[in-house]
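In what follows, a structure is listed as structure tokens, so that the remarks can point back to it.
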Amino acid sequence: MLALVIVGVPLVLALLGPLFAGEPGPRGASFTLGGGHWAGTDFVGRDVWRQVLLGGRTVVLTALAATALAYAVSLPLGLISALTHRGWLEELLMRPLDVLLAIPSLLLILLAAAVFSPGTAGLALLVALVNIPDAARIIRATAAEAAARPAVEALRMQGETWWRLAVGYVGRSCLRTLVADAGTRLTGVLYLVATAAFLGVGVAPDAADWAVMVDRNRTGLFVQPWAVVLPAVLIVALTMGANLLFDEGLRGRTTPSPAPARKETHP
Numbered sequence: 003m004l005a006l007v008i009v010g011v012p013l014v015l016a017l018l019g020p021l022f023a024g025e026p027g028p029r030g031a032s033f034t035l036g037g038g039h040w041a042g043t044d045f046v047g048r049d050v051w052r053q054v055l056l057g058g059r060t061v062v063l064t065a066l067a068a069t070a071l072a073y074a075v076s077l078p079l080g081l082i083s084a085l086t087h088r089g090w091l092e093e094l095l096m097r098p099l100d101v102l103l104a105i106p107s108l109l110l111i112l113l114a115a116a117v118f119s120p121g122t123a124g125l126a127l128l129v130a131l132v133n134i135p136d137a138a139r140i141i142r143a144t145a146a147e148a149a150a151r152p153a154v155e156a157l158r159m160q161g162e163t164w165w166r167l168a169v170g171y172v173g174r175s176c177l178r179t180l181v182a183d184a185g186t187r188l189t190g191v192l193y194l195v196a197t198a199a200f201l202g203v204g205v206a207p208d209a210a211d212w213a214v215m216v217d218r219n220r221t222g223l224f225v226q227p228w229a230v231v232l233p234a235v236l237i238v239a240l241t242m243g244a245n246l247l248f249d250e251g252l253r254g255r256t257t258p259s260p261a262p263a264r265k266e267t268h269p
């Protein structure tokens, strides 16, 4: 419940906030409190609370899209590499990923942003791309252990389809590891998306975005702290809550249920 509350507040503000933001009111002086702005104004005099309501949807949707795209590519790559008996195919699939794995994620995003302006969709693609090598490696390592079990060979001898082997048995065996990795990866993706937006990649310099708000308003931190504190706290709550939620869900799946009490019999 604690994890749901922590992650639920920024999620609700991010997804439903634009519906309640309303029309922009008159601008006030930069970095001031009061004057009809209960959370103050930002660096150009806009209402901070309205910017908070508008600024979370991009962060959340970009992070979720990037995570989903990363798994959509890495899952088949990892499962094919673990189940194939052809060494050349495994090398063909995994070696190019090692090249990407050797390049720091943020550096790759900045290099790509220096060549073209990615936009929000492009940022999601870039973040997904830098997460594919690591995710595919984890999936392959976990699936390889399950693929080496006698049960898989027995299913092969029975003529089961590759889909049933990969998804019905090996994929289900990897589910706990994938759940744990999803929580950690979503946290890392949120960090990358927020950092890229903080550096001006994928969003406009004056966009209503939580990370951009932290960057553009930090000069007035000691004058009007709410313009920095509110979006920063929401980003931290989103990452911490997501990690806690996945961790508690995994713990619930792995904790064995207590054994039934023994009934004592008397002669």
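Going by the working numbering, the letters in the sequence shown line up with residues 3 to 269, in that order.
All C-beta atoms in this analysis are idealised placements derived from N, C-alpha and C, irrespective of residue type, glycine included.
Is residue i buried or exposed, if buried means 16 or more other CB atoms sit within 10 Å of its CB?
i, result
"residue 159", "exposed"
"residue 119", "exposed"
"residue 105", "exposed"
"residue 12", "buried"
"residue 77", "buried"
"residue 277", "Residue 277 is absent from the structure shown; the chain starts at 3 and stops at 269."
"residue 212", "buried"
"residue 167", "buried"
"residue 215", "buried"
"residue 151", "exposed"
"residue 15", "buried"
"residue 84", "buried"
"residue 264", "Confidence is the limiting factor: at residue 264 the pLDDT is only 47, short of 50, which leaves the residue's position unreliable, though a coordinate-based value still follows. Per the 10 Å Cβ criterion, exposed."
"residue 142", "buried"
"residue 259", "Because residue 259 sits at a pLDDT of 42, beneath the cut-off of 50, its placement in the model cannot be relied upon, and the point is left open."
"residue 54", "buried"
On the three-state DSSP scale, how would you describe residue i?
i, result
"residue 43", "strand"
"residue 89", "helix"
"residue 259", "With a pLDDT of 42 at residue 259, under the threshold of 50, the predicted position of this residue should be treated as unreliable, and no value is reported."
"residue 173", "helix"
"residue 211", "coil"
"residue 36", "strand"
"residue 266", "Note that residue 266 scores a pLDDT of 49, beneath 50, so its modelled location is shaky; the value from the coordinates is reported in the next line. Residue 266 falls in the coil class under three-state DSSP."
"residue 10", "helix"
According to the Cβ coordinates, are residue i and residue j closer than 9 Å?
i, j, result
"residue 247", "residue 9", "yes"
"residue 68", "residue 130", "yes"
"residue 245", "residue 33", "no"
"residue 125", "residue 64", "yes"
"residue 204", "residue 191", "no"
"residue 24", "residue 47", "no"
"residue 233", "residue 80", "no"
"residue 241", "residue 171", "no"
"residue 132", "residue 112", "no"
"residue 243", "residue 230", "no"
At what residues does the alpha helix (DSSP H) containing residue i begin and finish?
i, result
"residue 157", "152-159"
"residue 136", "121-149"
"residue 26", "Here residue 26 belongs to no alpha helix (DSSP H), and DSSP marks it neither H nor E."
"residue 205", "Note, residue 205: premise wrong, no alpha helix (DSSP H); not H, not E."
"residue 167", "Segment: none, residue 167 is in no alpha helix (DSSP H) and carries neither H nor E."
"residue 116", "107-117"
Is residue i close to chain B? Criterion is C-beta to C-beta, closer than 9 Å.
i, result
"residue 158", "Among the chains in the structure shown there is no chain B, since it carries only a single protein chain."
- prompt: If you pair each beta-carbon of the segment 118-138 with each one of the segment 71-79, do three or more pairs fall below 8 Å?
  reply: yes
message: I'd like to know if the segment 144-158 and the segment 97-113 are in contact, where contact means that at least 3 CB-CB pairs between them fall below 8 Å.
response: no
field: contact_flag[the segment 82-95, the segment 178-194] where n(CB pairs < 8 Å) is 3 or more
entry: no
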